[in-house]
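Visitor:
Number of protein chains: 2
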Amino acid sequence: MKNILIIGAGRSATALIKYTLSQAEKHNWFVTVADADPEVAERKVNGHTHGRGTWLDVMKPNDRRDIIERNDVVVSLLPAHLHIKVAKDCIKYKKHLVTASYISRDMYRLGEQVKSAELIFMGEMGLDPGIDHMSAMQTINELREKGAELQAFRSYAGGLIAPECDNNPWHYKFTWNPRNVVLAGQGTAQYIESGHYKHIPYHRLFSEYETIDIPGMGEYEAYPNRSSLLYRTTYGLDKIPSLLRGTIRCKGFCEAWNALVQIGLTDDTYPIIGSKKLTYHQLVDGYLRRNDGNSTLKERVADMLKIEKNSEVMKKLEWLGIFDRSKIGLSKATPAQILQHLLEQKWKLEPKDKDMIIMQHEFDYKLNGKQESLVSTMVLKGNDSVDTAMSRLVGLPLGIFVKLIMLGKIKATGVNIPVMEEVYTPVLKELEDYGVVFKETKK
Amino acid sequence: MKNILIIGAGRSATALIKYTLSQAEKHNWFVTVADADPEVAERKVNGHTHGRGTWLDVMKPNDRRDIIERNDVVVSLLPAHLHIKVAKDCIKYKKHLVTASYISRDMYRLGEQVKSAELIFMGEMGLDPGIDHMSAMQTINELREKGAELQAFRSYAGGLIAPECDNNPWHYKFTWNPRNVVLAGQGTAQYIESGHYKHIPYHRLFSEYETIDIPGMGEYEAYPNRSSLLYRTTYGLDKIPSLLRGTIRCKGFCEAWNALVQIGLTDDTYPIIGSKKLTYHQLVDGYLRRNDGNSTLKERVADMLKIEKNSEVMKKLEWLGIFDRSKIGLSKATPAQILQHLLEQKWKLEPKDKDMIIMQHEFDYKLNGKQESLVSTMVLKGNDSVDTAMSRLVGLPLGIFVKLIMLGKIKATGVNIPVMEEVYTPVLKELEDYGVVFKETKK
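Going line by line, the protein sequences match chains A and B.
FYI, in our numbering the residues of the first sequence are 1 to 443.
FYI, in our numbering the residues of the second sequence are 1001 to 1443.
(1) Just checking: is the beta-carbon of A:GLU219 within a distance shorter than 8 angstroms of some beta-carbon in chain B?
(2) DSSP puts B:ASP1035 in a beta bridge; with which residues?
(3) Using CA coordinates, which residue listed in A:ASP128, A:TYR93, A:THR99, A:MET137 is at the minimum distance from A:GLU118?
(4) I'd like the span of the beta strand (DSSP E) that includes B:GLY1158, first residue to last.
(5) Sort out for me which residues DSSP pairs B:ASP1066 with in a bridge.
(6) State whether the stretch 240 to 251 of chain A contacts the stretch 287 to 299 of chain A, with contact taken as three or more CB pairs (one from each stretch) at a distance under 8 angstroms.
(7) Hey, quick one: how far does the beta strand (DSSP E) through A:SER242 stretch, first residue to last?
(8) Looking at the structure shown, is A:LYS381 part of a helix, part of a strand, or coil, going by DSSP?
(9) Candidates B:HIS1199, B:PRO1163, B:GLY1395: which alpha carbon is nearest B:ASP1355's?
(10) DSSP state of B:PHE1363, grouped into three classes?
(11) Quick check on the DSSP output: what are the complete beta strand (DSSP E) runs of length 3 or more inside the stretch 1381 to 1431 of chain B, in order along the chain?
(12) Buried or exposed for A:MET314, please, with buried defined as at least 16 other CB atoms from any protein chain shown within 10 angstroms of its CB.
(13) Just verifying my parser: in three-state terms, what is the DSSP assignment at B:SER1207?
(14) Mind checking which residues open and close the beta strand (DSSP E) that includes B:GLU1164?
(15) Using the Cβ count rule (16 or more neighbours within 10 Å means buried), how would you classify A:MET406?
(16) Where A:LEU431 and A:LEU305 are concerned, what is the direct C-alpha to C-alpha distance, given to the nearest angstrom?
(17) Express the C-alpha separation of B:MET1359 and B:ASP1128 in angstroms, rounding to a whole number.
(18) Within a Cβ cutoff of 6 angstroms, which residues of the same chain sit near A:ILE263, ignoring the five residues on either side of it in sequence?
(19) Examine chain B for any beta-carbon lying closer than 8 angstroms to the beta-carbon of A:ILE273, and answer yes or no.
(20) What are the boundary residues of the beta strand (DSSP E) that includes B:LEU1317?
(21) Taking Cβ positions only, does A:ILE338 come closer than 8 angstroms to chain B?
(22) If A:ASN168 sits next to A:TRP319, beta carbons under 8 angstroms apart, how far is it from one beta carbon to the other, in whole angstroms?
(23) Give a yes or no on whether the minimum CB-CB distance between B:GLY1264 and chain A is below 8 angstroms.
(24) Using DSSP with H/G/I as helix, E/B as strand and the rest coil, what is A:LEU374?
(25) Compute the Euclidean distance between the alpha carbons of A:GLY218 and B:GLY1321, then round it to the nearest angstrom.
(26) Going along the chain, which residues of the stretch 245 to 269 of chain A sit with their C-beta nearer than 9 angstroms to a C-beta in chain B?
(27) For B:GLN1186, list the residues DSSP reports as bridge partners.
(28) Checking 8 angstroms against the spacing of the C-beta atoms, do A:MET107 and A:VAL415 come in under that value?
(29) Answer with buried or exposed for A:ALA412, where buried requires no fewer than 16 other C-beta atoms within 10 angstroms of its C-beta.
(30) Should the stretch 10 to 22 of chain A be regarded as contacting the stretch 396 to 405 of chain A, the criterion being three or more beta carbon pairs within less than 8 angstroms?
(31) Only counting runs of 4 or more residues, tell me where the alpha helix (DSSP H) segments fall wholly within the stretch 87 to 145 of chain A, in order along the chain.
(32) Can the beta-carbon of B:ILE1212 be found less than 8 angstroms from the beta-carbon of B:TYR1280?
(33) Take the Cβ of B:GLU1312 as the centre, count every other Cβ of all protein chains shown within 10 Å, and call the residue buried at 16 or more, exposed below.
(34) Checking 8 angstroms against the spacing of the C-beta atoms, do B:GLN1190 and B:LEU1143 come in under that value?
(35) Name, please, each residue of chain B whose Cβ falls closer than 8 angstroms to the Cβ of A:ASP285.
(36) Could you round the C-beta distance between B:ALA965 and B:ASP1057 to whole angstroms and report it? I think they count as a contact, below 8 angstroms.
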């Protein structure tokens, strides 16, 4: 095997391309980076002797197949719904496939074909999903080998702004897909506590957050993800009494975000009529039913939320500009799209801003008749707004896994997520060289 | 024209069949009542000389077409999604069609074919939709003819229990489709107030109800329907500054229903795992995040709702049985299905119970430079749990309209709802003989 194909050269590809080129040089491989915008691809390869940037319109089957046929391992950083086209070509030409996306049902259905072609299609090989699977499985398996009986597993992750670059009242900036942040938690969060299923509807999710301690970092807030039960069977935790996956935010975030939910501004199900010419002030006014004629918009919002008009939440809302009389300027936009548009201006990473990823797993277990708790924490900061921790933590696991395939170190075949020892051990080991270290603390 | 076909002989057909048979006798017509259960059909026709009950499986195209071909006007009381099959046969055999259901897009698409066959397909010809359209249009057109400039139109309706039969703390019983009551308001309510669009998300809908006065009846609560804007153009109200359609409930209902919404019990989007063996107590517990270990379930619910544990709302919840330790007994049920199952036992009409329909339109307008308001109110009670006001108010408009077609009094063709003068004037006039009287009050 000599040739690696990376499809997609966007923001999340930077760390992956850099790592893969350096490995290519070492092992005498060749890396092709293909993108709809060939200049972006070429800029990221930057004249490297073991790589080239090229143009690819992934919707053109012949072009796609030509380039896949000439490589051995394919990494797809395309939008998730496009992976399946690449996957089918990979089966046809017998190429391995790696992505950082959630594995779709369609992809799982290819499992038998992938197996009989003796290929591996690895999905969820980034940060979350990705490093969360690997680090959790490593500790779970270690505990099991010791004979521990797991009673609770709580896993939290958050993409945040580093404290030294935190200069806004929300203590948050966008370090990843803003749309996912705006729509986060919609539906009903489900998890298990002491053997009972818990359901927290969206309209209470952000008011009933919990406070968690991140060793060395202090207190943060966490709210349960929409489904904590997704990987119960995959992790072998079908009988665990307590299981929760949650999202980490800085203190004060959840209560203020809840205000936006309560007003109705995260709703993505209908467009606001005439949104382009409305002001933010008018938009918010449209969510308030009662008007005694004597109160300001801010007073009415505070009143509806049953909070003080000078509270921290109201200050955060005001800072966002939702009471401003400036025009929204977006046509036929849903409330969520309008909110995203506003937040993208307010929560933008400045060039020198460093992001910060926190991931923490908490395990309660019984070992030799004793009740024990273990906390495993990883904190990583980026260098600036291009070389982000997020880009490294998504790109490096992909790159390392590609290397393992190229070196023939992966025996597994079929459609997988990285929960097997032959994958997580070498990947987590090498990630440590890049500062990705999980520190264990006993509670 | 001699023959009338009524498809469906269920609960909502009683008043329609009775009325149509009496008209058939008078005009020497013949009424065929067809149902999947021929005994029900025969029982309702009850040996009348001008009618017969018969079996029909509406999913069998040949049977359906045979029976439609032998009639002149068809009334379909089938579930709404089945009307379209009947409609296509009606075009083929050139038969008129009448239903009480909302007109679907597919039905509207038949408009041109129906027109060129010189037929009328009338939908929304029951109570709500039905009488609401007719009574509103009559007053709107009268006001317009006088030269009034309409500034606000608010229309409210509710199917309630008559005060003399009201013997539960919710002051509510099911007089119509329970599922619709449980899911009412889901989504975002939209209306217009003083020229501005208003959006009230579901999680605030029942806490921000308004209080309305029903002349002669006292105060009731009303919450805005999901879309008040649906008939804006049809009613010719495109430029009206305030437009709202709402649902009427007795005082105290909305705040208590809001408690069920806040807990999460009206959610119909996911099944509760193991619902059959759970108790109601366990179900509700699953919606509560925090447990200090010292509080009862009731105390924790009151705490989450931020209300007193001895409040009226808590008494209503307790009366429903949601804190009981009895088994739910329903498999794979959504929270909404479980709640419906419980409510069907608690809110059941007793044989002698009388239901009560309230419909009220409120108009604000300028006439001759003066600001005026007009309130038009209809209140009708049923006789018992079979001869309900609901069944009469759905069946009589259908029956009267069928008579008008049979007598050749309808000139309109195409797919319609009853907003034209040639329909609403004679229908509303005759409804008065049955006690359906709108009383006008000036505010």
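Ideal Cβ placement from N, Cα and C applies to all residues, glycine included.
Guide: The short version:
(1) Here residue 219 of chain A refers to the residue found at position 219 when the first sequence is read from its first residue. No - not a single Cβ of chain B is within 8 angstroms of the one on A:GLU219.
(2) Counted from its first residue, the second sequence places residue 1035 of chain B at position 35. Answer by DSSP bridge pairing, in chain order: B:TRP1055.
(3) The sequence position of residue 118 of chain A within the first sequence is 118, counting from 1. Measuring from the Cα of A:GLU118, the nearest candidate turns out to be A:TYR93.
(4) For the purposes of this step, residue 1158 of chain B is identified with residue 158 of the second sequence, where counting begins at 1. Segment 1149 to 1161, the beta strand (DSSP E) holding B:GLY1158.
(5) As a first step, residue 1066 of chain B is located in the second sequence; it is residue number 66 there, counting from the start. B:ASP1066 is not bridged to any residue.
(6) no
(7) Here residue 242 of chain A refers to the residue found at position 242 when the first sequence is read from its first residue. Per DSSP, A:SER242 belongs to the beta strand (DSSP E) from 242 to 249.
(8) The sequence position of residue 381 of chain A within the first sequence is 381, counting from 1. Strand at A:LYS381.
(9) Residue 1355 of chain B sits at position 355 when you count from the first residue of the second sequence. Of the listed residues, the one whose Cα sits closest to B:ASP1355 is B:PRO1163.
(10) The residue labelled residue 1363 of chain B in the question sits at position 363 within the second sequence. Here B:PHE1363 sits in strand by DSSP.
(11) 1414 to 1416
(12) Taking the first residue of the first sequence as 1, we reach residue 314 of chain A at position 314. Buried, by the Cβ-count rule.
(13) Locating residue 1207 of chain B in the second sequence gives position 207, counting from the first residue. Three-state result, B:SER1207: coil.
(14) Counting from one through the second sequence, the residue named residue 1164 of chain B turns up at place 164. Element bounds for B:GLU1164: n/a, residue is neither H nor E.
(15) Counting from one through the first sequence, the residue named residue 406 of chain A turns up at place 406. Buried is the call here.
(16) The count along the first sequence starts at 1 and reaches residue 431 of chain A at position 431. The count along the first sequence starts at 1 and reaches residue 305 of chain A at position 305. If I take the Cα positions, the gap works out to 45 angstroms.
(17) Position 128 of the second sequence holds residue 1128 of chain B. Position 359 of the second sequence holds residue 1359 of chain B. Approximately 9 angstroms between the Cα atoms of the pair.
(18) Along the first sequence, read from residue 1 onward, the residue named residue 263 of chain A stands at position 263. The residues are TYR287.
(19) Looking up residue 273 of chain A in the first sequence gives position 273. Yes - at least one Cβ of chain B is within 8 angstroms of the one on A:ILE273.
(20) In the second sequence, residue 1317 of chain B corresponds to position 317, counting from 1. Unbroken run through B:LEU1317 is the alpha helix (DSSP H), 1312 to 1320; no beta strand (DSSP E).
(21) Reading the first sequence from its first residue, position 338 is the one you call residue 338 of chain A. Cβ-Cβ to chain B under 8 angstroms: no for A:ILE338.
(22) Taking the first residue of the first sequence as position 1, residue 168 of chain A is located at position 168. Taking the first residue of the first sequence as position 1, residue 319 of chain A is located at position 319. The Cβ separation is near 7 angstroms, so the contact holds.
(23) Looking up residue 1264 of chain B in the second sequence gives position 264. Yes, B:GLY1264 counts as interfacial toward chain A.
(24) For the purposes of this step, residue 374 of chain A is taken as the residue at position 374 of the first sequence. In this structure, A:LEU374 counts as strand in the three-state DSSP scheme.
(25) Against the first sequence, residue 218 of chain A aligns to sequence position 218. Against the second sequence, residue 1321 of chain B aligns to sequence position 321. Spanning the two alpha carbons is a distance of roughly 43 angstroms.
(26) VAL261, GLN262, ILE263, GLY264, ASP267, THR269
(27) For the purposes of this step, residue 1186 of chain B is taken as the residue at position 186 of the second sequence. Paired residues: none, contrary to the question.
(28) As a position in the first sequence, residue 107 of chain A is number 107, starting the count at 1. As a position in the first sequence, residue 415 of chain A is number 415, starting the count at 1. The answer is yes: Cβ separation under 8 angstroms.
(29) Mapped onto the first sequence, residue 412 of chain A falls at position 412. Exposed, by the Cβ-count rule.
(30) yes
(31) 105 to 109, 111 to 116
(32) By one-based count along the second sequence, residue 1212 of chain B stands at place 212. By one-based count along the second sequence, residue 1280 of chain B stands at place 280. The answer is no: Cβ separation not under 8 angstroms.
(33) For the purposes of this step, residue 1312 of chain B is taken as the residue at position 312 of the second sequence. Burial call: exposed.
(34) Here the question's residue 1190 of chain B lines up with position 190 in the second sequence. Here the question's residue 1143 of chain B lines up with position 143 in the second sequence. Against a cut-off of 8 angstroms, the Cβ pair of B:LEU1143 and B:GLN1190 comes out as no contact.
(35) Against the first sequence, residue 285 of chain A aligns to sequence position 285. Chain B residues near A:ASP285: HIS1196.
(36) The structure shown does not extend to residue 965 of chain B, since chain B is modelled only from 1001 to 1443, so the question has no answer here.
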